[in-house]
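Okay, structure first, notes after.
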Amino acid sequence: MNDQNWDVAVVGTGIVGLALAYTAAKAGSSVIMFERHPRAIGATIRNFGMVWPVGQPLETFERAMQSRAVWLELAEKAGFWAAPTGMMCAAYHDDELDVLEEFVETRKNNGYEIELLRPEKALEKSAVINPAGLKGALWSATEVNVDPREATLRIHRYLQEAMGVTILYDTAITYINHPWIAAGDEQWYAERMYVCSGADFETLYPEIYAASGITKCKLQMMRTTPQLADWQLGPTLCAGLTLTHYGSFAHCESIHTLKKRFAAQLPAYQEWGIHVLVSQTSKGEITIGDSHEYGLDLSPFDSAYINKMILDYLSNFAAFPNMQIGETWHGIYAKLPGRTEYVVEPEEGVTIVNGLSGAGMTLSFGLAQEILKT
Ligand SMILES: Cc1cc2nc3c(=O)[nH]c(=O)nc-3n(C[C@H](O)[C@H](O)[C@H](O)COP(=O)(O)OP(=O)(O)OC[C@H]3O[C@@H](n4cnc5c(N)ncnc54)[C@H](O)[C@@H]3O)c2cc1C
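Below, the structure is given as structure tokens:
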């Protein structure tokens, strides 16, 4: 048993746990975190590092903007790369342009800093967008690109060195009985506990997870070797397929026509949930993805066929000076269908915070402020 009494204990040091720890420590709480691995190796270090308010529907847009502000604040304090690059979505078909027009028309007065660009303006903003057949592009000014591996490491260090947060690595929490939290024989006392275990639904409160309908999603990713020194991607990029994927475009009437065309022309892309996004890292590598496979029994193996489909679609809208793929991997996140997060109290004093699906980097800091009421 440990003598110290903690205000807050957090299980999991991915972005959800880090956001809660940072927000609680900033408000003056003593915080202890537990990570079962020697370092965070979950979805948080495997993603694009896109902080993407433009992908959020109205209901979560403000939460995303709150998060964006914290990312920029933390980047400065903790010393990591965070580029307010904005994003661009390129349209090569009339039905894609229709969705972009409708989106700008219906959302321009809701805080989204968006604009429809003619091809020549789009090409001025991005040197890598394919000019052939370009009909226009959506420009959004609010997106920030971080390097998830660098940012996660720096936030861990900053919490420990500057904010007095204790992080215990190689410590898998196996049991909670509030106010006690235990790893094997060792236990700690904490007033409040947050369980942020990402795609691990099997260790803590498995029966609560099983009853919730929450599931997992596997995404395949790739990264080029570094581009030439000082080369910058500029805006993070995507094209038509992405419009059918993000909730922010779901209210557009024109999305139905686009979905029908993709179902007819690109059925394999629909089957594997592929849409293509591009971001950059602090070292100038280009991160490219992704696919979406859902279920509790996901294959541990990656498919070369899926990666080829991703690169084929990418070649329609962008190319980089260096296209050599240096790494491939997959990440898994938790998703509760139809919901933007899964927040429940399995017992008094304990809150599960999970299920941020493909938007954990975009929403975690804002959600933490709402949960902790700071
Ligand atoms: C490939 C990919 C790309 C993505 N791209 C983006 C993007 O660009 N923008 C965006 O907004 N979102 C993106 N997302 C979503 C985002 O990455 C996730 O929503 C987010 O990382 C989830 O964070 P988390 O803290 O819940 O989980 P994780 O990062 O998986 O962290 C959970 C942690 O808990 C630890 N843990 C679990 N159980 C225990 C236990 N019992 N005891 C101790 N430790 C435990 C694990 O070891 C792990 O470190 C992407 C996701 C993936 C997979």
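For what it's worth, numbering that gives the first Met the number 0 labels the leading residue of the sequence shown as 0, then goes sequentially. Every residue, glycine too, gets a C-beta built ideally from N, C-alpha and C.
Bounding residues of the beta strand (DSSP E) (the contiguous stretch that carries Gly325): To locate residue 325, count along the sequence shown from 1; it is residue 326. Gly325 -> beta strand (DSSP E) spans 324-334.
Check whether Ala121 and Ile128 have beta carbons under 8 Å apart: Residue numbering aside, residue 121 sits at position 122 when the sequence shown is read from its first letter. Residue numbering aside, residue 128 sits at position 129 when the sequence shown is read from its first letter. In contact: Ala121 and Ile128 (Cβ atoms closer than 8 Å).
Beta-carbon contacts of Ala77 that lie in its chain and below 6 Å, excluding the five residues immediately before and after: For the purposes of this step, residue 77 is taken as residue 78 along the sequence shown, with counting starting at 1. Cβ within range, chain order: Arg153, Ile154, Tyr157.
Spatially closest choice to Trp271 from Ala189, Thr235, Ser302, Thr223, by CA coordinates: Position 272 of the sequence shown, counted from the first residue, corresponds to residue 271. Minimum Cα distance to Trp271 is reached at Ser302.
Sub-8 Å separation of Gln380 and Leu232 beta-carbons: Since the first residue of the chain shown is 0 and the last is 373, residue 380 is not available in this structure.
Burial state of Asn176 (16 or more Cβ within 10 Å): Reading the sequence shown from its first residue, position 177 is the one you call residue 176. So Asn176 counts as exposed.
Pick from Asp229, Thr43, Met64, Asn1 that is closest to Val143, judged by C-alpha positions: The residue labelled residue 143 in the question sits at position 144 within the sequence shown. For Val143, the nearest C-alpha among the options comes from Met64.
Contact under 8 Å by Cβ, Gly110 with Met220: Counting from 1 along the sequence shown, the entry for residue 110 is found at position 111. Counting from 1 along the sequence shown, the entry for residue 220 is found at position 221. No, they are not a contact pair.
Contacting residues, own chain, Cβ-Cβ under 8 Å from Gly48 (five flanking each side not counted): Locating residue 48 in the sequence shown gives position 49, counting from the first residue. Cβ-Cβ distances below 8 Å link Gly48 to Asn144, Val145, Asp146, Pro147, Ala150, Ser278, Thr280, Thr286, Met360 in the same chain, with the five nearest sequence neighbours on each side left out; the list follows chain order.
Cross-strand partners of Tyr188 (DSSP beta bridge): Residue 188 sits at position 189 when you count from the first residue of the sequence shown. Tyr188 is bridged by DSSP to Asn4, Trp179.
Whole beta strand (DSSP E) elements within the segment 8-92, 3-residue minimum: Runs of the beta strand (DSSP E) inside the segment 8-92: 30-33, 86-90.
Ala181 beta carbon less than 8 Å from that of Asp170: As a working note, residue 170 is residue 171 in the sequence shown. As a working note, residue 181 is residue 182 in the sequence shown. Here residue 170 is Thr; the residue named in the question, Asp, does not match the sequence. The answer is no: Cβ separation not under 8 Å.
With 16 other Cβ atoms within 10 Å as the buried cut-off, status of Thr339: Residue numbering aside, residue 339 sits at position 340 when the sequence shown is read from its first letter. Under the 10 Å beta carbon count, Thr339 is surrounded by 16 or more other beta carbons and is classified as buried.
Top-ranked residue by Cα proximity to Phe79, from Trp70, Val164, Tyr193, Leu355: Taking the sequence shown and counting its residues from 1, one reaches residue 79 at position 80. Of Trp70, Val164, Tyr193, Leu355, the smallest CA-CA separation from Phe79 is found for Trp70.
Distance cut-off 7 Å: Thr84 Cβ against heavy atoms of ligand 1: Taking the first residue of the sequence shown as 1, we reach residue 84 at position 85. Incorrect: Thr84 has no Cβ contact closer than 7 Å to ligand 1.
Residues near Asp97 in its chain [Cβ-Cβ closer than 6 Å; skip 5 each side]: Your numbering for residue 97 matches position 98 in the sequence shown. Contacts found: Ser253.
Option in Thr223, Gly348, Phe33, Thr84 with minimal Cα separation from Phe319: Counting from one through the sequence shown, the residue named residue 319 turns up at place 320. For Phe319, the nearest C-alpha among the options comes from Thr223.
C-alpha gap between Val343 and Gln55, whole angstroms: Here the question's residue 343 lines up with position 344 in the sequence shown. Here the question's residue 55 lines up with position 56 in the sequence shown. Distance between the alpha carbons of Val343 and Gln55 is about 22 Å.
C-beta atoms of Cys88 and Leu313 nearer than 8 Å: Here residue 88 corresponds to residue number 89 of the sequence shown, with the count starting at 1. Here residue 313 corresponds to residue number 314 of the sequence shown, with the count starting at 1. Between Cys88 and Leu313, the C-beta gap is not smaller than 8 Å, which leaves the two residues out of contact.
Limits of the beta strand (DSSP E) - the one that Gln279 falls within: Stepping through the sequence shown from its first residue, residue 279 is reached at position 280. Run containing Gln279: 276-279, per the beta strand (DSSP E) assignment.
CB contact check: Ala161 to chain C, cutoff 8 Å: Considering every chain present, this structure includes no chain C. It has just one protein chain.
C-alpha gap between Leu295 and Gly197, whole angstroms: Here residue 295 is taken as the residue at index 296 of the sequence shown, counted from 1. Here residue 197 is taken as the residue at index 198 of the sequence shown, counted from 1. Those two C-alpha atoms are separated by around 13 Å.
Alpha carbon of Pro378 to alpha carbon of Arg45, nearest angstrom: Residue coverage of the chain in this structure runs from 0 to 373, which leaves residue 378 outside it and unanswerable.
Asp199 Cβ short of 7 Å to ligand 2 heavy atom set: By its list of ligands, the structure shown excludes ligand 2, since it contains just ligand 1.
Other residues of its chain near Val352: CB distance less than 6 Å, five sequence neighbours each side excluded: Taking the sequence shown and counting its residues from 1, the one referred to as residue 352 is at position 353. Taken in chain order, the residues that qualify are Val15, Tyr193, Cys195, Val342.
Buried versus exposed, by CB contacts within 10 Å (16 or more), Leu355: Start at 1 with the first residue of the sequence shown, and residue 355 comes out as number 356. Looking at its Cβ environment, which holds 16 or more other Cβ atoms inside 10 Å, Leu355 is buried.
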